[in-house]
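For reference, the structure is listed below as structure tokens.
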Amino acid sequence: MDSFEKIFGNPHDLVPILEERRARGETIVFGNGCFDLLHVGHVRYLEAAKTLGDILVIAVNTEASIATNDNREPSINPCEERMEVIAALEAVDYVVPLNAAIPIPLIELYRPHIQAKGTDYSLDKMPERFAVEAGGGRIEFVGDEKTHSSTALRNALRERGEI
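For the sequence shown, counting from 1, position 113 maps to 113 in the UniProt record's numbering; every step adds exactly one.
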């Protein structure tokens, strides 16, 4: 599948495809993130998430959703480009924008069997947990230890005077 065929600018357009695949007994895995400066931690997270099921749907934070988090710097790359990079990865089946601060609207829309979260999260830090469970899903923590981050990359570039 071409990378652009994996991208759904309108998240609602993906629903019929997911429903068809669910009807065939396939397991839907959902994940989300900013994915601004792609690094090995992202790749490990996405590949581990894919092993949990048949279909991996990734929601990429829009600039507006990033701006709702006071602890996060604005993205360097626009959402459309970040979605394209994520769609190019073999582990990812579908990519949608995440317009909300937390992915509850998409979780309610897609009703994933599994939500994949990075190892830096815990159930008590996940307001979307209840939406996942209400839809009959569960949460799995995947990927490596949180020793890689876009923030660390930005800081390293600042120290070098490159940004």
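Beta carbons are placed, not taken as given, at the ideal position from N, Cα and C, and that holds for glycine. A quick note: this is a predicted structure, and the numbers were derived from the prediction, not measured.
With distance defined between alpha-carbon atoms, name the residue in Leu46, Val40, Ser3 nearest to glutamate 140. Leu46
Report yes or no: is there a C-beta of chain C within less than 8 Å of the C-beta of proline 103? Absent from the structure is chain C; it holds one protein chain and no more.
Judging by CA-CA distance, which residue of Pro78, Glu108, Asp54, Val43 is the nearest neighbour of leucine 89? Val43
Spatial distance of histidine 113 from asparagine 10 (CA atoms): 21 Å
Quick check on the burial criterion: 16 or more other C-beta atoms within 10 angstroms. Buried or exposed for asparagine 69? exposed
Could you give the DSSP three-state label for glycine 136: helix, strand or coil? coil
Pairs of beta-carbons, one from the segment 70-77 and one from the segment 101-111, closer than 8 Å: are there three or more? no
Counting C-beta neighbours from all protein chains within 10 Å, is the total for proline 97 16 or more, i.e. buried, or is it exposed? buried
Between threonine 27 and serine 65, what straight-line distance do the alpha-carbon atoms span, to the nearest angstrom? 27 Å
Would you report the Cα separation of isoleucine 86 and valine 60, rounded to the nearest angstrom? 8 Å
How many angstroms separate the CA atom of aspartate 13 from the CA atom of aspartate 54? 19 Å
Supposed close pair asparagine 32, isoleucine 58 - CB separation, criterion 8 Å: 7 Å
C-alpha gap between phenylalanine 8 and histidine 39, whole angstroms: 23 Å
In whole angstroms, what separates the C-alpha of valine 15 from that of tyrosine 110? 6 Å
If we require 3 or more residues per run, which beta strand (DSSP E) segments fall completely within the segment 58-124? 94-98, 114-118
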